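For what it's worth, full-length UniProt numbering labels the leading residue of the sequence shown as 1, then goes sequentially.
Glycine included, C-beta positions come from ideal geometry on N, C-alpha and C.
Please read all numbers here as calculations on a predicted model, not as lab measurements.
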Amino acid sequence: MFQTLQDTLSRIAALDPEVIAIAGLSLRVSLSAVGLATLVGVPLGGLVAVASFRGRRAVVGLLNAAMGLPPVVIGLVLYLLLSRSGPFGGLGLLFTPSAMIAAQTILVVPLIAALTRQIVADAEDHLGEQLRSLGLGRVRRAAILIFDTRFSLVTAILAAFGRAISEIGAVLVVGGNIDGYTRTMTTAISLETQKGDLPLALALGIVLIAIVVAVSAVASLLRSYAMRAYG
């Protein structure tokens, strides 16, 4: 155990190229997925928060339920869609980083949308009547409330990033865990542990934990700033 820890720390201290490459791919995939999910989830959550329409409760319930979708099921459905016999097989995206980005995007869109809806709905309770008195439509009200709650929304987006980068099931199914191409930190940790390369697995685990802790710290700072600024 002592030797394993020593080898692990040596890899990290030496900025092992394999560790850097795997961590870099993980960051690229997760950041891309969260960026795309934000473009979809934030406007969707904001509009659901301010709109009144038949079936709204069902939509809210669906968003909340979708936050708990099993990642491996998302990966399986996407695999079927992207396989050669699937409707999008001709795109050649299966077992590529693009497929992994798509899987993580689908995974975190409901999370961002549901959290955005709750945050904007809370702001709507305080400011909605004033905004409606100005004759603003739903889209403009949603845009104003999204801007007003931007710091809280950033914490929600960071939470989505934490889930995306820690995910293993969906990316393993659609990415294939190909060495040097689609191997992320989570899939590499699983593989290297089975192979017995514990120093590499532990090094990747430490890097992953460091990233998640850093994201949590940033989210906490933003939340504190928002509370002081908007009291």
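Assuming residue 240 is part of the alpha helix (DSSP H), what are its boundary residues? For the chain, the structure presents residues 1 to 231; residue 240 sits outside this window and is missing.
If R183 sits next to I22, beta carbons under 8 Å apart, how far is it from one beta carbon to the other, in whole angstroms? As a first step, residue 183 must be located in the sequence shown, where it is residue number 183. As a first step, residue 22 must be located in the sequence shown, where it is residue number 22. Taking a contact as a CB-CB distance under 8 Å, the pair R183 and I22 counts as one, their CB atoms being some 6 Å apart.
What do you get for T38, buried or exposed, if any count of 16 or more other CB atoms within 10 angstroms of its CB means buried? For this step, residue 38 is matched to residue 38 along the sequence shown. Classification for T38: buried.
Residue range of the unbroken alpha helix (DSSP H) whose run includes T4: Position 4 of the sequence shown, counting from 1, holds the residue named residue 4. Run containing T4: 2-13, per the alpha helix (DSSP H) assignment.
At the level of alpha carbons, what is the spacing between L82 and T8? Numbered from its first residue, the sequence shown carries residue 82 at position 82. Numbered from its first residue, the sequence shown carries residue 8 at position 8. For L82 and T8, the distance between alpha carbons rounds to 37 Å.
Quick check: the region 74-89 against the region 160-180, are at least 3 beta-carbon pairs closer than 8 Å? A contact is defined here as three or more CB-CB pairs under 8 Å, and the region 160-180 meets this definition with respect to the region 74-89.
Contact between the region 94-103 and the region 189-208 is defined here as three or more beta-carbon pairs at a separation below 8 Å; is this criterion met? Touching, no, given that fewer than three Cβ pairs across the two stretches are closer than 8 Å.
Taking the alpha-carbon positions, what's the L200 to V154 distance? The residue given as residue 200 occupies position 200 in the sequence shown. The residue given as residue 154 occupies position 154 in the sequence shown. The alpha-carbon atoms of L200 and V154 are separated by roughly 32 Å.
Roughly how many angstroms lie between the CA atoms of Q130 and L115, to the nearest whole one? Taking the sequence shown and counting its residues from 1, one reaches residue 130 at position 130. Taking the sequence shown and counting its residues from 1, one reaches residue 115 at position 115. Computed Cα separation, rounded: 23 Å.
Just checking my contact of R138 with L47 at CB under 8 Å: how many whole Å lie between their CB atoms? Looking up residue 138 in the sequence shown gives position 138. Looking up residue 47 in the sequence shown gives position 47. The pair is a contact, with the Cβ atoms about 7 Å apart (cut-off 8 Å).
Can you look up L94 in the DSSP assignment and give me helix, strand or coil? On the sequence shown, position 94 is the one that residue 94 refers to. Coil at L94, not helix or strand.
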